[in-house]
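2 protein chains.
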Amino acid sequence: MKVVVIGGVAGGASTAARIRRLDENAEVIMFERGPHVSFSNCSLPFHLSGIVPTTDKLIMMDPQQFKSKYNLEARVSQEVIAINKERQTVTVRFVETDEVYEESYDKLMLSPGAKPILPAVQGIEQRHVFTVRNVVDIERLQRYTQFSAVENIAIIGGGFIGVEVAENLHAANKKISIIQRAPQIMKPYDDDMAQIMHKEIMDANIDLYVNADVAKIATDHIVLGDGQIVKADAVVVAIGVEPETKLAQEANLEIGKTGGIKVDGNYVTSDPAIYAVGDAIEVYHQVLHKPVRLALAGPAQKQARVAADHMYGITNRNRGVIGSSSIRIFNLNCATTGINEKTAKEAGFQADSVYVIAPDKVGLMPSSNALHLKLIFEVPTGKILGAQAIGKGNADKRIDVIAMLITMGGTIEDLKDVELSYSPLFGTAKDVVNMAALVATNISYGRFKQVHVSDVRRLYEENALFVDVREEKEFANGHIKNALNIPLSQLRERMAEIPKDRAVYVHCRSAQRSYNAVMALLNNGYTQVKNVSGSFLGICLYEYFHDQVDKRQPIVTQYNFK
Amino acid sequence: MKVVVIGGVAGGASTAARIRRLDENAEVIMFERGPHVSFSNCSLPFHLSGIVPTTDKLIMMDPQQFKSKYNLEARVSQEVIAINKERQTVTVRFVETDEVYEESYDKLMLSPGAKPILPAVQGIEQRHVFTVRNVVDIERLQRYTQFSAVENIAIIGGGFIGVEVAENLHAANKKISIIQRAPQIMKPYDDDMAQIMHKEIMDANIDLYVNADVAKIATDHIVLGDGQIVKADAVVVAIGVEPETKLAQEANLEIGKTGGIKVDGNYVTSDPAIYAVGDAIEVYHQVLHKPVRLALAGPAQKQARVAADHMYGITNRNRGVIGSSSIRIFNLNCATTGINEKTAKEAGFQADSVYVIAPDKVGLMPSSNALHLKLIFEVPTGKILGAQAIGKGNADKRIDVIAMLITMGGTIEDLKDVELSYSPLFGTAKDVVNMAALVATNISYGRFKQVHVSDVRRLYEENALFVDVREEKEFANGHIKNALNIPLSQLRERMAEIPKDRAVYVHCRSAQRSYNAVMALLNNGYTQVKNVSGSFLGICLYEYFHDQVDKRQPIVTQYNFK
Chain A
1 MKVVVIGGVA GGASTAARIR RLDENAEVIM FERGPHVSFS NCSLPFHLSG IVPTTDKLIM
61 MDPQQFKSKY NLEARVSQEV IAINKERQTV TVRFVETDEV YEESYDKLML SPGAKPILPA
121 VQGIEQRHVF TVRNVVDIER LQRYTQFSAV ENIAIIGGGF IGVEVAENLH AANKKISIIQ
181 RAPQIMKPYD DDMAQIMHKE IMDANIDLYV NADVAKIATD HIVLGDGQIV KADAVVVAIG
241 VEPETKLAQE ANLEIGKTGG IKVDGNYVTS DPAIYAVGDA IEVYHQVLHK PVRLALAGPA
301 QKQARVAADH MYGITNRNRG VIGSSSIRIF NLNCATTGIN EKTAKEAGFQ ADSVYVIAPD
361 KVGLMPSSNA LHLKLIFEVP TGKILGAQAI GKGNADKRID VIAMLITMGG TIEDLKDVEL
421 SYSPLFGTAK DVVNMAALVA TNISYGRFKQ VHVSDVRRLY EENALFVDVR EEKEFANGHI
481 KNALNIPLSQ LRERMAEIPK DRAVYVHCRS AQRSYNAVMA LLNNGYTQVK NVSGSFLGIC
541 LYEYFHDQVD KRQPIVTQYN FK
Chain B
1 MKVVVIGGVA GGASTAARIR RLDENAEVIM FERGPHVSFS NCSLPFHLSG IVPTTDKLIM
61 MDPQQFKSKY NLEARVSQEV IAINKERQTV TVRFVETDEV YEESYDKLML SPGAKPILPA
121 VQGIEQRHVF TVRNVVDIER LQRYTQFSAV ENIAIIGGGF IGVEVAENLH AANKKISIIQ
181 RAPQIMKPYD DDMAQIMHKE IMDANIDLYV NADVAKIATD HIVLGDGQIV KADAVVVAIG
241 VEPETKLAQE ANLEIGKTGG IKVDGNYVTS DPAIYAVGDA IEVYHQVLHK PVRLALAGPA
301 QKQARVAADH MYGITNRNRG VIGSSSIRIF NLNCATTGIN EKTAKEAGFQ ADSVYVIAPD
361 KVGLMPSSNA LHLKLIFEVP TGKILGAQAI GKGNADKRID VIAMLITMGG TIEDLKDVEL
421 SYSPLFGTAK DVVNMAALVA TNISYGRFKQ VHVSDVRRLY EENALFVDVR EEKEFANGHI
481 KNALNIPLSQ LRERMAEIPK DRAVYVHCRS AQRSYNAVMA LLNNGYTQVK NVSGSFLGIC
541 LYEYFHDQVD KRQPIVTQYN FK
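As given, the protein sequences belong to chains A and B, one line each in that order.
Residue numbering for the first sequence follows the UniProt record's numbering, starting at 1 and increasing by one per position.
Residue numbering for the second sequence follows the UniProt record's numbering, starting at 1 and increasing by one per position.
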């Protein structure tokens, strides 16, 4: 068997290595138009801060190592410029000399990846405007930012790469702005979780512009659509990527509706001798039940293995993707899996969510911190659709547990029951994932009703009655304006102060005490009582960024983030 | 409804709080013979190091708070001394006055917990011999160890409490010995994983005695069964706990074969008005398919909720327990779920295991460290039976993912496919759990064969042929004596040096390169090739402790733990 692989990195290199393990005699040739066939693309931004001190560290394997260790041939600086399906060959161009030759294949693996999208903005072509895709890119950017004259850097785009580049350049003592077209950064997260990130970025003294268009990129500044000027000696464009489908399209391989190369469950394209994996393809989403594009390294590696297996007649079950990811944003660890509530609703799911704030380990332990967990589930089945977690501690742990559960098609009942590995340094006896699932089952069973932090401003404006059941000294350190303070510890004596004939929204700091208060009120004949999911801490985090940036009138007397 | 609860802490307090949420009018009385009705028992050892600076921090809620917040009555320093089933009353004794009265109940909840086992050893009754069960105990111990004359402290027992007490007293600058009767500490872990812990404890300069009996406790030392003297100005006995079943037995409630109170799936005892939860009961083990005793806080809380629900006719599915736990041992985070390989084999499972060592995050990132993961699965179904993880990083995260999977009855196929939330700071694109599952599927499908680190010494003594495929400079820094070094990068040229007619055991540092070498050899007609699971790093860790302590002849030229 002779296999030609186009593109290295996660998809291509994994395919090649797997083939070698299956077949000692296979001839495998990898083509990469750039100089590096295998590098850690997810680690690229970390060179900007010096966490990855030199770019050679980013290179995982060179052609000599591929040869000696795996007997694989890697041809770098050679670009495949055409696929000749009928002859089963590819046309290859030497990047340096422009010379051209043909190479035959029995099987072809397409792993060309995705390329940064460049918006059609005036000034985009200038040499101080950068994108980040490979080692050469990051080297160029890093060198440029080392000039002392480069003080202000603007990042266009608030996704994974934008935020990671921002954080690493901030660590390199640059003054950073992030310009985001959408109302929030980090699209995989819902609006409520994104506000926590916005605050963190604002606290780090980064200028964050949301709902912001770029009108023009000048040599030392950017002009936004509303006329605002953002200083920028360098600009990094990271608004997203598009799949590299040129070769596939020219070879008349089928392209899916999402714009990615269409493949079957074994990653075979519309030509049975040609496979495709990685960021260039579309993949089936297990929760959404439809093809999506998902530019993540983990799925690419799994796809590569399955495709290589299939070349050798080995079968694998295809479960589709679920879209798990994580990112550090300054002091916050953020992770998500499955779909968010917005996507769920857009996709027509009958979905609900709960937002739980709980300690990530026993409060007595050093570095115990609040973990914010949002759990999205289908109504009435309780099937888990997705989750998002943010905190200084192990957000990724909780999301990975839920990722495993989504993979298994599990429900809030399953998550409520899971017995995690507790000891005080690692969690709490009832972990935040258990708690979120318990709240979700309570909501599902109709034991009590809730509203979300995103409802609170509207309710406030409608003069809704908020009952704050925190202790008086907590109330004094910030509360919703006009809220009625009846501490849980006085609730039973003072219940008469709460009217029975109108809607009542109960909250405390994190919705634990208010849950008990809501149950007490319901059991005392109150019928219009709802708990505020996320409670006062969630409300403060939700409101803060927009209050500051949009100069809104706060609905709280004072913020309290503790 | 009038509910009497015997015992506070996880089981009792959770029951009471749940009842209040279900029924505003229930009369709930909690009895606790000690002074504290609700405290963080899992955090007790951390008072010894000052991590929990004062014991009042350990107390989570006092009777006044129970009353004001939940309208629950907590009667402390009152001991229930008899259950009068027919009259549905309990007999209560005031601890201070010995006065006695009866209290009636509609439902009774037994949550008396478990008590430390005291061995029948000469000297056990002395006042410098301590156990750790509650706040009063830890206060006594902490006060005693503050005397400067108390320099040497011996801990009898190497389980959770023993190890945590040892670590916290070590942090308080005491010279610590741990005396363990069994060949290893931390029984939930297999022998191979326990050796990693042994080394860590030894490295911390703690004297660890395994296979050691206590013959006598003297005033300043302990005499072991073999005559060795262990200095001990204070002694902590932590060899295990036994369920508090006296009350239940006297009331003729059924006791299970394990010695715990027998309950049904709703935690109802043999008397329909009496429930029991927590460390005093036996619970059904989901993997072992039989009742076990499991003294853990997480399950106790879940049981309490289910039992309270059942009092009100609310049904809950009972999945049984799986036994997840975690512990920090100096610089190592350790976690486990399900059953270990030893238990699996004793229980008659046809089980196998894989031992994978992989980076816990991308190697380029700060604080990337090796994670040791052992995965135990059923043959041939691939059903996951248990897992153990040890490392400086997030061992608990990986175990929690597997705990979720065991809860769902999942297999190695499911674990191979799971898409965790990767970014370089949180993991690797192919996480260690994916890798372990991939190795397990390879073993299951018969793609290659393996031996375990625990086989290596025997094979070495049988003059087996070990082929070490690490690079020459790695080999020079320590290797199995007499091993043949053929780096993977030279394997194909030098393959003829490896005989085809005898068994060959291939390893590298962590079994990744050797896996590729094994596949190359198999594909070249070698039929007697096996991979050494855990490889050289695993071998060094497995051998080190016993080599040192038992003065064994090492099978390696030099240890290398990197």
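Think of the CB as a built atom: it goes at the ideal place given N, C-alpha and C, for glycine as much as any other residue.
Asked: DSSP-derived helix/strand/coil call for Met109/B; Found: strand
Asked: Leu118/A: CB within 7 Å of a non-hydrogen atom of the ligand SAH; Found: Annotation note on the ligand SAH: not contained in the displayed structure, which lists no ligands.
Asked: 8 Å Cβ cutoff, Ser368/A in contact with chain B; Found: no
Asked: Cβ shell of Met60/B (< 7 Å), same chain only, five flanking positions each side left out; Found: Ser38, Phe39 and Ser40
Asked: DSSP three-state assignment for Asn531/A, whether helix, strand or coil; Found: strand
Asked: Whether Glu419/A touches Thr258/B by CB criterion (8 Å); Found: no
Asked: Cβ-based contacts, 8 Å cut-off: residues of the segment 323-334 of chain B near chain A; Found: Gly323, Ser324, Ser325, Ser326, Ile327, Arg328 and Asn333
Asked: Nearest candidate by alpha-carbon position, reference Tyr460/B, set Glu543/B, Val549/B, Gly393/B and Lys392/B; Found: Glu543/B
Asked: Three-state class that DSSP yields for Pro35/A in the structure shown; Found: coil
Asked: Test: Gln512/A CB closer than 8 Å to a CB of chain B; Found: no
Asked: Assigned secondary structure, Phe426/B (DSSP; H/G/I helix, E/B strand, else coil); Found: coil
Asked: Buried versus exposed, by CB contacts within 10 Å (16 or more), Arg143/A; Found: exposed
Asked: Interface flag, residue 584/A vs chain B, CB-CB below 8 Å; Found: The requested residue 584/A does not occur in the structure, where chain A is confined to residues 1 to 562.
Asked: Close beta carbons around Ala154/B, own chain, < 7 Å, minus the five adjacent residues each side; Found: Ser177, Ile179, Ile222, Val230, Ala232 and Val235
Asked: Neighbour flag for Ala273/B against chain A, beta carbons, 8 Å; Found: no
Asked: The segment 270-286 of chain A / the segment 8-17 of chain A touching (three or more Cβ pairs under 8 Å); Found: yes
Asked: Ala440/A at chain B interface by Cβ criterion, 8 Å; Found: no
Asked: Cβ shell of Met365/A (< 7 Å), same chain only, five flanking positions each side left out; Found: Pro424 and Leu425
Asked: Proximal chain A residues relative to Gly534/B, where beta-carbon distance stays under 7 Å; Found: Correct list: empty, because the minimum Cβ distance to chain A is about 20 Å.
Asked: Tyr422/A beta carbon less than 8 Å from that of Gly538/A; Found: no
Asked: Where Ser326/B falls, given that 16 or more other Cβ within 10 Å makes a residue buried; Found: buried
Asked: CB contact check: Ser489/A to chain B, cutoff 8 Å; Found: yes
Asked: Beta-bridge pairing of residue 566/B - partner residues as DSSP gives them; Found: As displayed, chain B neither begins before 1 nor continues past 562, which places residue 566/B out of reach and without an answer.
Asked: CB contact check: Asp400/A to chain C, cutoff 8 Å; Found: This model lacks chain C altogether, as its protein chains are A and B.
Asked: Test: Ile357/B CB closer than 8 Å to a CB of chain A; Found: no
Asked: Ser353/A classed as buried or exposed, judged by whether at least 16 other C-beta atoms fall within 10 angstroms; Found: buried
Asked: Within chain B, the residues that Asn531/A reaches when beta carbons sit closer than 8 Å; Found: By Cβ distance, chain B contributes nothing, its closest Cβ being about 12 Å from Asn531/A, past 8 Å.
Asked: Short CB-CB distance (under 8 Å) between Val287/A and chain B; Found: no
Asked: Closest Cα partner of Val556/B within the set Pro188/B, Thr381/B and Asn482/B; Found: Asn482/B
Asked: Nearest-angstrom Cα separation, counted from Asp468/B out to Phe66/A; Found: 19 Å
Asked: Reduced DSSP secondary structure (H/G/I, E/B, other) of Phe94/B; Found: strand
Asked: In DSSP terms, what Gln122/A is bridged to; Found: Lys216/A
Asked: Segment limits, beta strand (DSSP E) that includes Ile322/A; Found: Looking at the DSSP string, Ile322/A is not in any beta strand (DSSP E), and its letter there is neither H nor E.
Asked: Close beta carbons around Phe349/B, own chain, < 7 Å, minus the five adjacent residues each side; Found: Glu378 and Leu385
Asked: Selected residue, minimal CA-CA separation from Asp134/A, among His36/A, Phe147/A, Ala389/A and Thr54/A; Found: First, the amino acid is wrong: residue 134/A is Asn here, not Asp. Asn134/A has its Cα closest to that of His36/A, out of His36/A, Phe147/A, Ala389/A and Thr54/A.
Asked: Own chain, CB closer than 6 Å to Gly260/A, minus 5 neighbours either side, in chain order; Found: Pro243, Ile281, Glu282 and Arg293
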